[in-house]
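Below: the structure, in structure tokens.
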Amino acid sequence: MEIRPVIELRPVPFDHPDAVKLNDEVQAEYAVRYGDDGDETYLEPAHFAPPRGLYLLAYDEAGVPVASGGWRAQEANEENYRDGDAELKRMFVIEPVRGRGLARRILAALEEDARAAGRTRMVLETGTKQPEAVALYESSGYEPCEKFGFYRFHESSLCYAKKL
4 MEIRPVIELR PVPFDHPDAV KLNDEVQAEY AVRYGDDGDE TYLEPAHFAP
54 PRGLYLLAYD EAGVPVASGG WRAQEANEEN YRDGDAELKR MFVIEPVRGR
104 GLARRILAAL EEDARAAGRT RMVLETGTKQ PEAVALYESS GYEPCEKFGF
154 YRFHESSLCY AKKL
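Going by the working numbering, the sequence shown opens with residue 4, and the numbers climb by one from there.
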């Protein structure tokens, strides 16, 4: 399959067929890396509906979806989120186009949107078996923070935050 340069980031609903396809791919990758069923964090399309969230897909010039990412609003709760948090979810780039800056481009767009929506901090959870994700986030100004979310008690969980 020939992958052409990405020319467009498009907001889509989390349950859009292209978003579902990429979500299935990232879940399969998580399952291989961690030897489980993938990320079990509860997500629903309404979590990513503006103005309290956004889900983006990157498409190449042929209209093929090649990357994804979204944010959803969080407030202080028993899972250690804080008021004003924007949680990054489902950052993923298909293997043939990795290393071309797509994740960085999506991340910047999501940060900008969350900031415009009044969010004050972007947070994310990744894992010890995702070194390329850790490298992206650390090089983008994210710093380790108190663990939060569904995996806050898991040893392999790594949590990061960045002030918006």
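Ideal placement from N, C-alpha and C gives every residue a C-beta, glycine not left out. Note that the structure is predicted; figures quoted are calculated from it, not measured.
For this session: Count the CB pairs spanning the segment 50 to 57 and the segment 70 to 84 that are closer than 8 Å, and state whether there are at least three.
Result: Contact check between the segment 50 to 57 and the segment 70 to 84: three or more CB pairs, one atom from each, fall below 8 Å, which counts as touching.
Exercise. Taking just the CA atoms, how far does N26 sit from R93?
Worked result: Locating residue 93 in the sequence shown gives position 90, counting from the first residue. Locating residue 26 in the sequence shown gives position 23, counting from the first residue. Approximately 7 Å, taken between the alpha carbons.
Exercise. In whole angstroms, what separates the C-alpha of L59 from that of A49?
Worked result: Looking up residue 59 in the sequence shown gives position 56. Looking up residue 49 in the sequence shown gives position 46. When only Cα atoms are considered, L59 and A49 end up about 14 Å apart.
Exercise. So is G152 buried or exposed if we call it buried at 16+ other beta carbons inside 10 Å?
Worked result: Residue numbering aside, residue 152 sits at position 149 when the sequence shown is read from its first letter. Around the beta carbon of G152, 16 or more other beta carbons lie within 10 angstroms, which makes this residue buried.
Exercise. Touch check for the segment 119 to 129 and the segment 159 to 166: three-plus C-beta pairs under 8 Å?
Worked result: Verdict: yes, contact present.
Exercise. If we count the other Cβ atoms within 10 Å of its Cβ and call it buried at 16 or more, is D86 buried or exposed?
Worked result: Taking the sequence shown and counting its residues from 1, one reaches residue 86 at position 83. D86 comes out exposed.
Exercise. From L167, K165 and H157, pick the residue whose C-alpha is nearest to that of E43; which is it?
Worked result: In the sequence shown, the residue the question calls residue 43 occupies position 40. The residue with the shortest Cα to Cα distance from E43 is H157.
Exercise. Alpha helix (DSSP H) containing R36: first to last residue?
Worked result: Translated into the one-based positions of the sequence shown, residue 36 becomes position 33. Note, R36: alpha helix (DSSP H), P20 to Y37.
Problem set entry | Sub-8 Å separation of I97 and V137 beta-carbons | By 1-based counting over the sequence shown, the position of residue 97 is 94. By 1-based counting over the sequence shown, the position of residue 137 is 134. Result no, Cβ atoms of I97 and V137 do not sit closer than 8 Å.
Problem set entry | Spatial distance of Y62 from G104 (CA atoms) | As a first step, residue 62 must be located in the sequence shown, where it is residue number 59. As a first step, residue 104 must be located in the sequence shown, where it is residue number 101. So the alpha carbons of these two residues sit roughly 14 Å apart.
Problem set entry | Same chain only: Cβ atoms within 8 Å of Y84, ignoring 5 sequence neighbours per side | What you label residue 84 is simply residue 81 of the sequence shown in a count that begins at 1. Contacts found: Q77, E78, E90, V126, F151 and G152.
Problem set entry | V15 burial status per 10 Å Cβ neighbour count (16 or more: buried) | In the sequence shown, the residue the question calls residue 15 occupies position 12. Around the Cβ of V15, a 10 Å sphere holds 16 or more other Cβ atoms; the residue is buried.
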